[in-house]
Amino acid sequence: MVEIEGVNPDMVDIYFFAVQTNPVDNNSVLAIFPLTAPPSACIMLAFSADGISFSRPVSLLAAPLGVRTEGRGGSGRLEFRSEDHPAAGMVLVPNDPSTLLVFIHHAVRGTTMRPGAKPHVRSYRLPVNKLRYMTRQALHSHR
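Going by numbering that gives the first Met the number 0, the letters in the sequence shown line up with residues 0 to 142, in that order.
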């Protein structure tokens with residue numbers, strides 16, 4: 000079973016956990032995932048040397064906390080979800096080896112009843128040096 004340091008699975012919702020080879024360290028993997036812990040939601044990163052035991056998550060981007068009903072059509076109990084999800088893994092910017100792109104799907108359909116929420120995908124830039132630093136810090140402090 001996958002472990003994420005400092006995360007109690009009974010207290011948070013991780014809707015999915017997308018793992019890829021770390022683009023700045025071929026000896027590790029990283030996971031990018033939406034995490035919901037009401038009243039907060041965010042896109043997180045966690046790092047691992049073995050793909051099973053992951054570091055304490057690092058917040059990449061805050062996200063709106065979405066509220067929806069359990070059943071379609073507005074029936075059932077309320078559920079909380081991150082409105083935003085990573086849409087793909089991290090990739091190097093073509094012709095710029097110093098920058099990574101991260102694609103985030105905002106206002107994912109079905110995550111919120113917020114009026115005016117418009118689903119869209121946006122790319123964000125992350126400097127390679129920043130991810131390299133985050134990787135070192137996370138793997139060094141991880142058991």
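Positions of the beta carbon are idealized from the N, C-alpha and C atoms, including for glycine.
Threonine 35 versus alanine 62 - alpha carbon distance:
9 angstroms
Leucine 59 versus glycine 70 - alpha carbon distance
31 angstroms
Whole angstroms is fine: what's the gap from arginine 108's alpha carbon to serine 97's?
33 angstroms
Which residue wins for smallest C-alpha separation from glycine 115, given the options Ala106, Arg121, Ser122?
Ala106
Any chance the stretch 111 to 127 sits against the stretch 1 to 17, with 3 or more Cβ pairs inside 8 angstroms?
Per the Cβ contact rule, the stretch 111 to 127 is not in contact with the stretch 1 to 17 (fewer than 3 Cβ pairs under 8 angstroms).
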